[in-house]
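Protein chains in written order, with our numbering: chain C, 189 to 979; chain E, 499 to 794.
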């Protein structure tokens with residue numbers, strides 16, 4: 189790899205920025221195919237009911253309606269991570285999202301009109317909306333498709349993890365604290381609502397799907413399983429994706445439903461969610477109750493963590509049920525922890541089901557863990573910075589869970605934000621006045637080099653150079669707005685020494701691109717980057733051979749710059765190796781020179797003997813290991829760390845929290861593109877501020893109460909606080925140019941740091957998110973009441 | 499959401515259209531920022547929207563200052579209200595209310611008349627206009643105009659005194675008292691977001707004092723605290739005769755308590771009644787504190 193980087197590390201704008209801003213980009217919503225029909229879904233009116241009858245006869249008769257399907261019309265398999273989710277519901281409904289019937293019609297309006305003509309008779313049941321209720325012995329079984337595997341019929345999944353000697357560490361503890369933390373449902377609210385266009389061609393029995401999936405190859409397999417088809421007969425094309433954030437990790441019923449409508453009609457069918465449908469029927473972050481007990485010795489060294497988590501699984505199981513993989517990492521390995529005992533279970537309820545969401549359980553875990561560190565510090569009479577620095581992770585550490593920190597910027601991140609925010613000066617808030625300021629700290633640990641959960645955590649790349657010197661990168665990875673296309677193009681430009689505008693990225697078609705596990709776990713720059721570098725290395729070996737031939741040299745060291753291939757000067761000094769060249773010169777057609785144009789080399793390869801393509805493929809599999817049955821093992825190629833110090837001002841008259849300044853230091857390994865990195869940091873932080881202060885999908889007895897931006901308080905550009913970002917470069921030798929994954933980290937510690945800051949400002953204890961103005965005023969009123977009682 | 503749309507461009511055409519539709523279902527659309535959301539929520543069949551946005555007539559779009567006060571057309575956008583220097587200098591409460599409304603984009607189309615006619619208890623400009631004791635100028639189908647005090651304009655949640663053959667064409671804000679030398683005017687909007695926010699509770703005040711600082715007239719209105727925006731007359735009256743700068747802590751609390759007597763808030767998704775009352779009390783007394791304006 190090159191040492192003097194010319195492209196990597198430069199603030200290069202996203203290459204698709206213009207097309208997205210001008211409206212030129214083609215999103216799923218923009219797709220129009222000849223003879224296309226419009227699909228809509230009839231969802232249940234009740235979150236828990238027996239379906240007594242479904243009558244679609246009137247809907248079928250409506251002019252313009254081409255097809256109406258119910259569960260009786262299709263032969264399909266269940267979907268979801270646990271295969272516990274029927275695509276269309278037949279005898280009962282268990283969740284307000286439940287799909288009962290679907291219509292394909294000539295227009296959206298006709299399709300919607302047809303929905304109103306479908307008559308469903310329900311026998312309403314009393315649903316179960318509290319996981320604790322669901323765990324009671326006499327509770328009915330909510331999901332009938334799995335069961336018997338666990339101690340209780342309503343448990344969907346369990347996790348147990350432990351390391352160290354818990355009893356001994358408890359004995360060592362000078363302080364032990366127990367608290368219960370409650371985390372809300374929040375939703376991605378992607379700018380583009382869920383969408384799919386399916387096109388089944390009856391002549392060749394092939395299915396083409398225009399889908400916004402984040403995991404095209406797993407999706408292809410899941411779709412084939414659902415529809416009882418051969419995966420290779422299904423081609424996935426990803427249009428421009430208007431936001432993912434994890435929401436498109438699972439396949440949801442609307443997708444096979446759309447395919448089924450196309451299969452039944454032989455015409456293309458499109459399903460687009462309305463914004464309301466998006467709020468109701470797309471996944472959420474896992475709501476959970478975390479019971480946490482922690483200890484520390486008299487000096488402040490952490491001794492143990494004991495964790496018990498109940499996750500509200502909703503009616504069906506998504507990938508979200510596996511978030512404890514990540515949650516347990518935070519508890520077992522963020523800061524040095526001699527002993528840890530972790531239990532988590534996902535419990536079925538009649539609520540809406542959660543999915544995967546940027547951070548994958550980590551924001552919840554980090555909130556509980558970092559709030560608890562502040563409580564420990566208070567109890568010990570220690571500084572909140574000191575206790576964290578004392579326990580921070582270090583380079584070379586192998587954690588109790590077996591995570592190997594070959595590089596680790598944890599301490600440096602902490603030290604940076606503590607210094608930059610003047611944390612120690614600001615930690616004592618003013619005693620009186622309407623506005624009270626406070627400051628809070630939090631750190632996070634997240635996978636930074638993929639996560640080996642699936643059978644492979646790899647990514648394939650094919651690189652080719654055409655006779656004009658342009659390079660096409662065909663990558664398995666997916667762009668969801670994070671900027672991977674730009675970063676991959678920068679890597680190719682760097683390595684091949686050609687202009688960025690000569691790099692083309694092809695990444696949207698499963699029939700073309702090599703396999704990749706998907707865009708998640710902050711893995712794309714790391715895994716797809718390494719994969720691309722591997723492919724370029726192979727390609728360069730071919731190019732070098734031809735270049736050597738053309739330059740009449742036996743040397744095999746070349747530099748790629750300015751569209752040329754230079755014979756490398758291994759002695760220092762002049763780049764040209766004229767002397768050597770002149771000695772070796774035999775063919776008079778080749779000019780006496782130390783370099784040759786890249787496109788010329790490619791042409792000579794193509795058209796000269798032995799007629800070879802300038803193309804190479806590589807599959808990169810990270811060095812990470814599967815965890816064993818006890819969840820131990822080095823699951824990622826590298827690990828990312830970050831710390832945030834956040835200053836807030838609380839209005840004690842209204843309970844409003846104004847986030848003033850956010851100081852972020854993040855171990856990114858190496859900055860590949862500072863502009864894109866800033867984007868990830870700022871976007872993540874605002875998502876974190878929303879999680880901390882304002883966002884909550886309100887659910888009552890299984891129904892969503894605020895399915896709109898009016899009452900779902902997602903923050904806007906006007907709410908962005910001052911963000912001071914300090915990248916920490918630890919140059920991980922596993923990463924491309926030393927880089928680590930950065931995508932999820934920025935939002936993970938934000939809610940914890942904000943809650944710590946608010947508690948610091950007001951001397952109150954907050955254990956729930958979001959920290960709403962109302963919760964703050966209530967806490968202040970309680971405090972006042974207690975004060976009066978004690979006086 | 500499906501409706502017919504008719505776009506008159508003169509007042510004459512507008513009145514003609516109204517006449518034609520007296521026996522049919524129609525709604526007026528000004529900026530349509532509320533109307534479209536409402537129709538999306540509750541679609542009405544065979545509905546015609548009479549689009550007012552192209553009516554080019556000073557009656558609807560003009561601004562006129564006279565000795566008696568300030569008259570502006572109902573079709574003035576929130577943006578135009580916000581950038582108007584006269585309004586900023588003389589009626590800060592209205593300027594701040596316009597500025598706090600939704601977002602830059604929505605302020606370009608949302609109108610003051612629409613904000614008033616929507617008759618939402620959380621209307622921002624409407625709340626400011628109640629504090630300013632504005633009058634609503636109503637145009638009848640015959641072309642005859644009448645005036646109704648804004649305090650009597652609202653009859654319930656999303657209900658006004660307007661009849662089917664009438665519409666709001668302008669707003670008149672009375673000029674300040676001649677002796678008024680110091681004006682304490684402002685709009686306090688409480689919500690979660692800095693933009694695209696609907697107030698959880700709001701307070702509008704426009705207090706006039708003489709050269710010596712003695713309050714000679716006060717207007718106080720509260721939003722999102724009752725089925726309609728309320729003019730807190732008793733609280734406003736309580737201030738008259740007091741010196742603004744010398745209002746004691748106990749007097750502030752008394753004032754806030756009087757404001758609160760007008761509040762009959764409800765629990766809803768955005769806040770509980772308890773929170774609304776608590777905050778309304780706090781922000782009312784804060785009018786007289788130095789840092790009141792730092793509130794979001």
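Quick reminder that beta carbons are idealized off the backbone N, C-alpha and C, glycines included.
Computed from a predicted model, the values in this text were never measured in an experiment.
Assuming residue i is part of the beta strand (DSSP E), what are its boundary residues?
{"i": "residue 569/E", "result": "567-571"}
{"i": "residue 682/E", "result": "680-688"}
{"i": "residue 549/E", "result": "546-549"}
{"i": "residue 647/E", "result": "643-647"}
{"i": "residue 650/C", "result": "647-653"}
{"i": "residue 879/C", "result": "Premise fails: residue 879/C lies in the alpha helix (DSSP H), 862-881, not in any beta strand (DSSP E)."}
{"i": "residue 632/C", "result": "623-635"}
{"i": "residue 368/C", "result": "363-371"}
{"i": "residue 746/C", "result": "746-749"}
{"i": "residue 525/E", "result": "524-527"}
{"i": "residue 853/C", "result": "845-855"}
Under the three-state reduction of DSSP, which class applies to residue i: helix, strand or coil?
{"i": "residue 760/C", "result": "With a pLDDT of only 47 at residue 760/C, under 50, the local geometry of the prediction cannot be trusted, and the value read off the model is given with reservation. Residue 760/C falls in the coil class under three-state DSSP."}
{"i": "residue 737/C", "result": "helix"}
{"i": "residue 541/C", "result": "coil"}
{"i": "residue 223/C", "result": "coil"}
{"i": "residue 697/E", "result": "coil"}
{"i": "residue 944/C", "result": "helix"}
{"i": "residue 776/C", "result": "Model confidence at residue 776/C stands at a pLDDT of 45, short of 50, so the residue's coordinates are unreliable; what they give is reported in the following sentence. Correct three-state label for residue 776/C: coil."}
{"i": "residue 595/C", "result": "coil"}
{"i": "residue 782/E", "result": "helix"}
Output the boundary residues of the alpha helix (DSSP H) element that contains residue i.
{"i": "residue 552/C", "result": "550-568"}
{"i": "residue 209/C", "result": "205-210"}
{"i": "residue 494/C", "result": "From DSSP, residue 494/C is part of no alpha helix (DSSP H) but of the beta strand (DSSP E) over 490-502."}
{"i": "residue 486/C", "result": "Here residue 486/C belongs to no alpha helix (DSSP H), and DSSP marks it neither H nor E."}
{"i": "residue 625/E", "result": "622-629"}
{"i": "residue 531/C", "result": "Here residue 531/C belongs to no alpha helix (DSSP H); instead the beta strand (DSSP E) covers 527-536."}
{"i": "residue 735/E", "result": "731-737"}
Cβ closer than 8 Å: which chain C residues qualify as neighbours of residue i?
{"i": "residue 767/E", "result": "886, 893, 894, 899"}
{"i": "residue 625/E", "result": "None at all; the shortest Cβ gap to chain C is about 17 Å."}
{"i": "residue 696/E", "result": "898"}
{"i": "residue 784/E", "result": "622, 841"}
{"i": "residue 781/E", "result": "841, 842"}
{"i": "residue 606/E", "result": "Residues of chain C passing the Cβ test: none, with the nearest at roughly 16 Å."}
What residues from chain E crowd round residue i, counting only those whose CB sits closer than 8 Å?
{"i": "residue 965/C", "result": "773, 776, 777"}
Since residue i meets chain C, which of its residues come closer than 7 Å, beta carbon to beta carbon?
{"i": "residue 722/E", "result": "Correct list: empty, because the minimum Cβ distance to chain C is about 13 Å."}
{"i": "residue 613/E", "result": "The contacting residues do not exist; residue 613/E stays about 16 Å from chain C at best."}
Compute every distance between the C-beta of residue i and the non-hydrogen atoms of the ligand PLP, then say whether any falls below 8 Å.
{"i": "residue 248/C", "result": "Ligands are entirely absent from the displayed structure, and the ligand PLP is therefore not among its contents."}
So with CB distances below 9 Å, who are the chain E contacts of residue i?
{"i": "residue 956/C", "result": "By Cβ distance, chain E contributes nothing, its closest Cβ being about 16 Å from residue 956/C, past 9 Å."}
Checklist entry - Taking three-plus beta-carbon pairs below 8 Å as touching, is the stretch 350-361 of chain C in contact with the stretch 467-474 of chain C? => result At 8 Å Cβ cutoff, the stretches do not touch.
Next on the checklist: Assess contact between the stretch 566-577 of chain C and the stretch 496-508 of chain C, defined as three or more Cβ pairs (one per stretch) separated by less than 8 Å. Is contact present?
Outcome noted: The answer is no - the stretch 496-508 of chain C does not touch the stretch 566-577 of chain C, with fewer than three Cβ pairs under 8 Å.
Checklist entry - Does the stretch 230-239 of chain C come within contact of the stretch 279-289 of chain C, defined as at least 3 CB pairs closer than 8 Å? => result Yes: at least three Cβ pairs fall under 8 Å.
Checklist entry - Residue ranges of each beta strand (DSSP E) run of no fewer than 3 residues wholly in the stretch 373-428 of chain C, ordered along the chain? => result Listed in chain order, they are 383-389, 394-399, 422-425.
Item to check | Three or more C-beta pairs below 8 Å linking the stretch 638-649 of chain C and the stretch 800-819 of chain C | outcome: With contact defined as three or more Cβ pairs closer than 8 Å, the stretch 638-649 of chain C and the stretch 800-819 of chain C are in contact.
Item to check | Every unbroken alpha helix (DSSP H) within the stretch 670-714 of chain C, with a cutoff of 4 residues, ordered by chain | outcome: Scanning the stretch 670-714 of chain C from its first residue to its last, the whole alpha helix (DSSP H) runs of 4-plus residues come out as 672-684.
Checklist entry - Is the stretch 430-438 of chain C close to the stretch 327-343 of chain C, with three or more CB pairs under 8 Å? => result The stretch 430-438 of chain C is not in contact with the stretch 327-343 of chain C.
Item to check | In chain order, each alpha helix (DSSP H) run of at least 4 residues that lies wholly inside the stretch 276-351 of chain C | outcome: Listed in chain order, they are 296-305, 319-322.
Checklist entry - Touching or not, the stretch 579-594 of chain C and the stretch 963-973 of chain C, by the rule of three or more beta carbon pairs under 8 Å? => result As far as the Cβ criterion goes, the stretch 579-594 of chain C does not touch the stretch 963-973 of chain C, which means the pair count is below three.
Next on the checklist: Contact between the stretch 602-618 of chain C and the stretch 825-835 of chain C is defined here as three or more beta-carbon pairs at a separation below 8 Å; is this criterion met?
Outcome noted: Using a Cβ-Cβ distance cut-off of 8 Å, the stretch 602-618 of chain C and the stretch 825-835 of chain C are in contact, since at least three pairs of beta carbons, one from each stretch, lie closer than that value.
Next on the checklist: Does the contact criterion of 3 or more C-beta pairs under 8 Å hold for the stretch 890-905 of chain C versus the stretch 766-777 of chain E?
Outcome noted: The answer is yes - the stretch 766-777 of chain E touches the stretch 890-905 of chain C, with three or more Cβ pairs under 8 Å.
Checklist entry - Taking contact to mean at least 3 C-beta pairs separated by less than 8 Å, is the stretch 459-467 of chain C in contact with the stretch 402-421 of chain C? => result In short, these stretches do not touch, since the Cβ pair count stays below three.
Checklist entry - Would you call the stretch 585-601 of chain C and the stretch 820-831 of chain C touching, i.e. three or more CB-CB distances under 8 Å? => result Proximity of the stretch 585-601 of chain C to the stretch 820-831 of chain C meets the contact definition, three or more beta-carbon pairs being nearer than 8 Å.
Checklist entry - Should the stretch 863-880 of chain C be regarded as contacting the stretch 926-938 of chain C, the criterion being three or more beta carbon pairs within less than 8 Å? => result Result yes; three or more Cβ-Cβ pairs closer than 8 Å.
Next on the checklist: With a threshold of 8 Å, are at least 3 pairs of Cβ atoms found where one atom belongs to the stretch 210-225 of chain C and the other to the stretch 414-428 of chain C?
Outcome noted: At 8 Å Cβ cutoff, the stretches touch.
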